[in-house]
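Report on the following structure.
2 protein chains.
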Amino acid sequence: MNLQRVADKLDISLTRLQNLQQTVIKRSSWPEPRLLRFEKATSGIEAGTIIFENGEIVHGYPKIRRAMMLAAALRRHFSDRVAVEEKMNGYNVRIASVDGEMVALTRGGFICPYSTEVAEQLVPEKVFHDHPEMVLCGEMVGPENPYVPKEVYPTDSIDFYLFDLSRKGQRGTLGVIKTHEFAKDYGLKATSLFGEFGRERAYEETVRIIRSLGKRGREGVVMKDPDNKVSPLKYTCSESNCGDLEVAFRYYNDYALDFFVSRAVREGFQSAEWRESEEERTARALRLGKSILFPMVDTIQKKIRGEQIVQHVQIKVKSLQTAREFEYHLRRSGMKAIFDPPEPSDEGYIIRIARPIMSTNDKTQALLEGDTW
Amino acid sequence: MNLQRVADKLDISLTRLQNLQQTVIKRSSWPEPRLLRFEKATSGIEAGTIIFENGEIVHGYPKIRRAMMLAAALRRHFSDRVAVEEKMNGYNVRIASVDGEMVALTRGGFICPYSTEVAEQLVPEKVFHDHPEMVLCGEMVGPENPYVPKEVYPTDSIDFYLFDLSRKGQRGTLGVIKTHEFAKDYGLKATSLFGEFGRERAYEETVRIIRSLGKRGREGVVMKDPDNKVSPLKYTCSESNCGDLEVAFRYYNDYALDFFVSRAVREGFQSAEWRESEEERTARALRLGKSILFPMVDTIQKKIRGEQIVQHVQIKVKSLQTAREFEYHLRRSGMKAIFDPPEPSDEGYIIRIARPIMSTNDKTQALLEGDTW
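Taken in sequence, the protein lines are chains B and W.
Residue numbers for the first sequence follow my numbering, so the first one is 306 and each next one is one higher.
Residue numbers for the second sequence follow my numbering, so the first one is 306 and each next one is one higher.
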């Protein structure tokens with residue numbers, strides 16, 4: 306790797322790059338190709354940015370800021386028109402081609418063997434044949450998404466939805482218009498584009514969309530500048546905020562505390578901005594309260610019955626090698642997971658995975674035995 | 306101060322005491338008498354332990370552990386009988402006499418000028434005349450409690466309820482029986498003692514008491530060993546947990562995050578242990594959800610109307626000097642507070658105090674202006 310050229314492309318000095326290699330840049334030598342990844346954002350370089358062994362760079366996908374008071378945020382953030390797209394609830398991957406091989410990169414900058422196998426099946430080779438420099442930014446969703454399994458999308462396995470494009474070695478993305486054109490040209494699925502609205506009408510349209518998405522168990526929207534001049538904003542449905550809380554409280558001793566407060570605060574702002582009636586606000590309070598209380602009671606009752614607190618997920622793979630590699634990938638990411646023996650299915654294997662939720666499991670057991678808090 | 310004698314009384318070496326003076330022991334020279342206080346627990350010495358200039362020691366009041374699964378905790382913790390006392394919702398003070406002067410000490414080990422004035426009015430001089438070594442441990446409660454103002458106690462100002470006794474220079478407390486006898490002998494109010502129960506019956510009795518206290522807006526109970534051989538346990542009402550959440554979410558950006566989760570988790574364990582029906586559990590979820598959502602919406606609406614987010618409290622003092630000193634005491638404790646001019650009342654002055662809740666105020670304002678999260 307020619308470090309001077311990499312530094313030039315990253316727009317930092319060689320010395321700076323060398324210093325970063327002692328701190329925020331981590332080496333990953335598996336699976337091939339080997340790479341360096343930025344574990345944190347620094348010097349204007351996004352976290353998850355990758356430098357491959359051949360010197361090619363894939364920039365990290367920028368974090369999207371969240372609107373809390375929607376109308377005010379739309380007014381303040383956008384200058385003219387607003388494109389409203391669905392925000393899907395899965396995990397973010399960037400798919401690129403390196404030395405002729407397709408790789409799917411996680412948010413943190415690892416190559417995920419499972420996502421790579423999924424990408425190889427869903428992304429036509431023609432994409433990278435025509436555009437070897439392209440990076441497909443999108444969401445992996447569905448029930449066989451091993452991180453956030455969701456039944457609400459039209460797939461019984463896992464699917465990839467494009468939501469942005471970028472180019473290797475280049476900062477920034479190509480924006481909503483080019484992304485949807487590209488998806489159409491190559492027969493890729495893209496996240497739903499609900500429309501483009503004037504900044505003033507965007508509020509009521511987005512609220513209408515959010516209500517409808519919420520009823521269907523979907524997550525929310527990303528609002529983008531059609532001219533791609535300002536960064537996007539996100540906004541989520543009450544049902545999705547509460548869904549996050551359900552997970553958080555099912556595993557109350559394992560999930561970060563601030564996870565919780567942020568979701569609850571979103572509910573406060575949405576309720577205030579929507580000028581809810583007493584009845585609507587009470588219904589929201591009940592939804593919020595249930596999403597906290599019920600999964601927690603469920604966990605405690607499970608433990609009273611002597612069951613372990615475990616999260617079950619499954620994936621489907623073409624090759625057993627992918628399953629073995631994915632197991633290793635989870636382990637290096639610090640995730641405990643127990644893989645069942647593979648079950649042959651139509652065109653490959655179903656792998657059931659159990660993720661023990663250790664801290665909640667042990668804490669609940671101890672409290673049931675009379676431990677104090 | 307003879308340091309060797311102090312070290313002996315604390316049961317640590319002189320060197321250890323001298324080392325602690327560089328770290329956890331802080332000096333407080335106002336108001337008189339001057340003292341050293343243990344800012345943190347160390348070497349088996351409770352946080353809030355005080356060494357007065359004359360060498361006398363008042364030990365910190367021990368932290369009481371919380372039962373989460375009540376029946377299991379009672380079974381595990383107590384060997385025989387359990388005395389159930391009310392846990393009152395105010396602030397903890399220790400009242401002692403030093404060089405013939407009464408002082409009220411905060412949990413952290415400061416002399417509070419306001420609490421001292423209150424103590425001087427409520428504690429007969431005979432108490433310390435007869436027992437100069439006694440330390441009265443109790444709760445200051447009522448609407449003119451400037452930290453946790455509550456209307457649910459039978460006072461329209463502030464009152465002191467004894468809940469334990471200790472002796473200067475001695476670790477440990479004298480226990481529930483001696484405390485109530487002492488209160489009776491000297492005409493002091495003591496926290497309600499609901500009864501003494503066998504360990505097995507204590508669960509159902511406590512649940513009955515908790516339900517009844519909850520309906521009256523009270524906080525909960527402390528369960529004590531009548532023989533004072535094992536440390537007490539506490540347990541609180543759902544209404545009180547939710548009341549804490551109301552405060553936390555009214556000032557959602559100022560209060561510690563873990564404050565929140567711990568209250569919610571208590572609700573989960575209570576609901577599971579009480580084997581609530583679907584209807585009861587739904588009612589609890591609604592109460593929980595409302596306690597989070599409604600105060601937050603209230604704060605946001607206040608800010609929309611252009612009001613400042615401020616907490617109003619008031620105290621009543623005999624002397625204006627006490628008010629000035631209390632203002633200084635709050636400031637040194639790191640609390641922002643704006644004191645209104647004193648209003649003469651029956652036997653002294655009413656002082657209204659506004660506590661600006663800066664972080665929530667500013668954050669809400671910024672979000673209303675379209676800031677992102």
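We treat Cβ as the ideally placed atom computed from N, Cα and C, and that holds for glycine.
Whose CA, out of the options, lies closest to the CA of residue i?
{"i": "arginine 367 of chain B", "options": "B:Glu351, B:Leu625, B:Ala378, B:Ala376", "result": "According to the sequence as given, residue 367 of chain B is proline; it is not arginine. With distances taken between Cα atoms, proline 367 of chain B lies closest to B:Glu351."}
{"i": "histidine 436 of chain B", "options": "B:Val457, B:Gly405, B:Val398", "result": "B:Gly405"}
{"i": "lysine 539 of chain W", "options": "W:Ile355, W:Tyr508, W:Gly414", "result": "W:Tyr508"}
{"i": "glutamate 358 of chain W", "options": "W:Glu344, W:Pro531, W:Arg339, W:Met374", "result": "W:Arg339"}
{"i": "glutamate 390 of chain W", "options": "W:Val527, W:Trp678, W:Val457", "result": "W:Val527"}
{"i": "proline 600 of chain B", "options": "W:Leu598, W:Val570, W:Glu585", "result": "W:Val570"}
{"i": "glutamine 606 of chain W", "options": "W:Leu315, W:Asn666, W:Lys431, W:Ile620", "result": "W:Asn666"}
{"i": "phenylalanine 502 of chain B", "options": "B:Phe631, B:Gly492, B:Arg513, B:Ala495", "result": "B:Arg513"}
{"i": "proline 448 of chain W", "options": "W:Leu322, W:Cys442, W:Ser462, W:Asp645", "result": "W:Ser462"}
{"i": "glycine 395 of chain B", "options": "B:Asp464, B:Gly477, B:Asp532, B:Glu612", "result": "B:Asp464"}
{"i": "alanine 642 of chain W", "options": "W:Arg660, W:Ser650, W:His634", "result": "W:Arg660"}
{"i": "aspartate 385 of chain W", "options": "W:Ile400, W:Gly474, W:Asn533, W:Tyr654", "result": "W:Asn533"}
{"i": "glutamine 575 of chain W", "options": "W:Lys668, W:Ser543, W:Gly474, W:Asp603", "result": "W:Ser543"}
{"i": "leucine 598 of chain W", "options": "W:Phe554, W:Thr320, W:Asp530", "result": "W:Phe554"}
{"i": "alanine 346 of chain B", "options": "B:Met374, B:Ala376, B:Leu315, B:Leu319", "result": "B:Leu315"}
{"i": "proline 459 of chain W", "options": "W:Gly480, W:Arg399, W:Arg523", "result": "W:Arg523"}
{"i": "glutamine 475 of chain W", "options": "W:Trp335, W:Thr587, W:Ile355", "result": "W:Ile355"}
{"i": "serine 431 of chain B", "options": "B:Met374, B:Leu493, B:Ser517", "result": "First, the residue type needs correcting, since residue 431 of chain B is lysine and not serine in the sequence shown. When each option's Cα is compared against that of lysine 431 of chain B, the closest is B:Leu493."}
{"i": "isoleucine 362 of chain W", "options": "W:Asp549, W:Gly639, W:Leu308, W:Arg516", "result": "W:Leu308"}
{"i": "alanine 401 of chain B", "options": "B:Val440, B:Phe487, B:Tyr556, B:Cys417", "result": "B:Val440"}
{"i": "proline 531 of chain W", "options": "W:Val481, W:Asp313, W:Ala588", "result": "W:Val481"}
{"i": "phenylalanine 383 of chain W", "options": "W:Tyr466, W:Glu572, W:Arg504", "result": "W:Arg504"}
{"i": "serine 334 of chain B", "options": "B:Arg321, B:Val618, B:Phe415, B:Arg371", "result": "B:Phe415"}
{"i": "alanine 577 of chain W", "options": "W:Gln326, W:Met306, W:Asp469, W:Met373", "result": "W:Met373"}
Determine the chain W residues that contact residue i at a beta-carbon separation under 8 Å, and present them in chain order.
{"i": "methionine 373 of chain B", "result": "Leu672, Asp676, Thr677, Trp678"}
{"i": "arginine 380 of chain B", "result": "Gly675"}
{"i": "arginine 610 of chain B", "result": "By Cβ distance, chain W contributes nothing, its closest Cβ being about 11 Å from arginine 610 of chain B, past 8 Å."}
Which residues bound the beta strand (DSSP E) around residue i?
{"i": "phenylalanine 465 of chain B", "result": "464-472"}
{"i": "phenylalanine 343 of chain W", "result": "340-343"}
{"i": "tyrosine 452 of chain W", "result": "Run containing tyrosine 452 of chain W: none; DSSP gives neither H nor E here."}
{"i": "alanine 488 of chain B", "result": "Note, alanine 488 of chain B: premise wrong, no beta strand (DSSP E); alpha helix (DSSP H) at 481-491."}
{"i": "methionine 663 of chain W", "result": "Element bounds for methionine 663 of chain W: not the beta strand (DSSP E) but the alpha helix (DSSP H), 663-673."}
{"i": "glycine 548 of chain B", "result": "Here glycine 548 of chain B belongs to no beta strand (DSSP E); instead the alpha helix (DSSP H) covers 543-555."}
{"i": "phenylalanine 499 of chain B", "result": "498-503"}
{"i": "lysine 529 of chain W", "result": "525-529"}
{"i": "alanine 409 of chain W", "result": "406-411"}
{"i": "glutamate 444 of chain B", "result": "439-446"}
Whose Cβ in chain B lies nearer than 9 Å to the Cβ of residue i?
{"i": "tyrosine 557 of chain W", "result": "Val566, Ala569, Val570, Gly573"}
{"i": "glutamine 613 of chain W", "result": "Within chain B, no residue comes near glutamine 613 of chain W; the closest Cβ sits about 17 Å away, beyond 9 Å."}
{"i": "alanine 377 of chain W", "result": "Leu672, Leu673, Glu674, Gly675, Asp676"}
{"i": "isoleucine 662 of chain W", "result": "In chain order: nothing, as chain B lies at least about 15 Å away."}
{"i": "isoleucine 317 of chain W", "result": "The premise fails here: isoleucine 317 of chain W is roughly 27 Å from chain B at the closest Cβ pair, so nothing lies under 9 Å."}
{"i": "glutamine 626 of chain W", "result": "Per Cβ cutoff of 9 Å: no residues; glutamine 626 of chain W is ~42 Å from chain B at best."}
In chain W, which residues lie with their C-beta within 7 Å of the C-beta of residue i?
{"i": "alanine 388 of chain B", "result": "Result: empty, since nearest Cβ-Cβ is about 18 Å, beyond 7 Å."}
{"i": "isoleucine 597 of chain B", "result": "Ala569, Leu593"}
{"i": "serine 576 of chain B", "result": "Leu598, Val602"}
In the DSSP assignment, find the alpha helix (DSSP H) that holds residue i and state where it starts and stops.
{"i": "valine 398 of chain W", "result": "Segment 396-403 is the beta strand (DSSP E) holding valine 398 of chain W; no alpha helix (DSSP H) there."}
{"i": "glutamate 425 of chain W", "result": "418-427"}
{"i": "histidine 434 of chain B", "result": "430-435"}
Residues of chain W with CB under 9 Å from residue i, in chain order?
{"i": "alanine 590 of chain B", "result": "Ala590, Leu591, Arg592, Leu593, Gly594, Lys595, Ser596, Ile597, Leu598, Phe599"}
{"i": "arginine 516 of chain B", "result": "Result: empty, since nearest Cβ-Cβ is about 18 Å, beyond 9 Å."}
Who are the neighbours of residue i on chain B, taking C-beta pairs under 8 Å?
{"i": "arginine 370 of chain W", "result": "Thr677, Trp678"}
{"i": "arginine 586 of chain W", "result": "Leu598, Phe599, Val602"}
{"i": "glutamine 606 of chain W", "result": "Ala577"}
Can you pull the chain B residues whose beta carbon is under 7 Å from the beta carbon of residue i, in chain order?
{"i": "glutamine 616 of chain W", "result": "The premise fails here: glutamine 616 of chain W is roughly 18 Å from chain B at the closest Cβ pair, so nothing lies under 7 Å."}
Start-end ranges of the alpha helix (DSSP H) lying completely within the region 564-648 of chain W, minimum 4 residues: Secondary structure remark: continuous alpha helix (DSSP H) runs of at least 4 residues inside the region 564-648 of chain W, in chain order: 583-609, 625-637.
Complete runs of the beta strand (DSSP E) confined to the region 314-385 of chain B [at least 3 residues]: Listed in chain order, they are 330-333, 340-343, 355-357.
Under 8 Å (Cβ pairs) to chain W, residues found in the region 519-553 of chain B: For the region 519-553 of chain B, the residues whose beta carbon sits under 8 Å from a beta carbon of chain W are, in order, Leu538.
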